[in-house]
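A.B. asks: A single structure is presented below for examination.
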Amino acid sequence: MRARTRRLYTFGIAALLLLAAAVLAFFALRENANLFYTPEILAEQGQPEDGKVVKVGGWVEPGSLAYSEDGATMIFTVIDNSPHTIRVSYTGIAPDLFREGQGVVATGQFGPEGAFTARQILAKHDENYQPRELKPLDVAG
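Structure (structure tokens):
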């Protein structure tokens, strides 16, 4: 086998291995992507089937947070930059950063009437987050 032919075979095998690795990485990452639906996307695409676990995200609409009579369940509205909204109910302890006007990602499922029941809530914050304990130090320094 001549040197040029050997070099072409080596290059071809390396290209095939690289392509196979890229395809495997693509499928592995696609399975584990943690994307969420915004109210606008849900309005355009329609709600997922009942019982399918999905994530919805946006901001908690100011003035929409309410609690049930027993205080265990909270109900709030998720908004984005569109006129569409998602009504969410969650039973459990809310994260410390959860409040109206704050970013939120809720994991749960839609029920038969279109109500979203969350089983987990994550409060989002911007890159300038400081714990409450450190805020007085910032003012003093």
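The numbering of the sequence shown is the working numbering, which starts it at 214 and goes up by one. Beta carbons are placed, not taken as given, at the ideal position from N, Cα and C, and that holds for glycine.
On the three-pair Cβ rule with 8 Å, is the region 289 to 298 touching the region 247 to 255?
C.D. replies: yes
A.B. asks: To the nearest whole angstrom, what separates the beta carbons of residue 320 and residue 268, a pair I think is in contact under 8 Å?
C.D. replies: Right, their Cβ atoms sit about 5 Å apart.
A.B. asks: Quick one: what does DSSP say residue 225 is sitting in, helix, strand or coil?
C.D. replies: helix
A.B. asks: Taking DSSP as the reference, what is the three-state secondary structure of residue 299?
C.D. replies: strand
A.B. asks: May I ask whether a heavy atom of the ligand ATP can be found less than 8 Å away from the beta carbon of residue 253?
C.D. replies: Within the structure as shown, the ligand ATP is missing, as the structure has no ligands at all.
A.B. asks: Of all the options 317, 241, 310 and 231, which has the alpha carbon lying nearest to the alpha carbon of residue 301?
C.D. replies: The residue among 317, 241, 310 and 231 with its C-alpha nearest the C-alpha of residue 301 is 317.
A.B. asks: Under 6 Å Cβ to Cβ from residue 273, same chain only, skipping five residues before and after it: list those, please.
C.D. replies: Excluding sequence neighbours, residue 273 sits near 289, 313, 315 and 317.
A.B. asks: What residues match up with residue 389 in a beta bridge as DSSP calls it?
C.D. replies: Because the chain is modelled from 214 through 354, residue 389 falls outside the range shown and cannot be assessed.
A.B. asks: Starting from residue 334, trace the beta strand (DSSP E) both ways and give me its first and last residue.
C.D. replies: 329 to 337
A.B. asks: From residue 335 to residue 229, what does the alpha carbon distance come to, in whole angstroms?
C.D. replies: 42 Å
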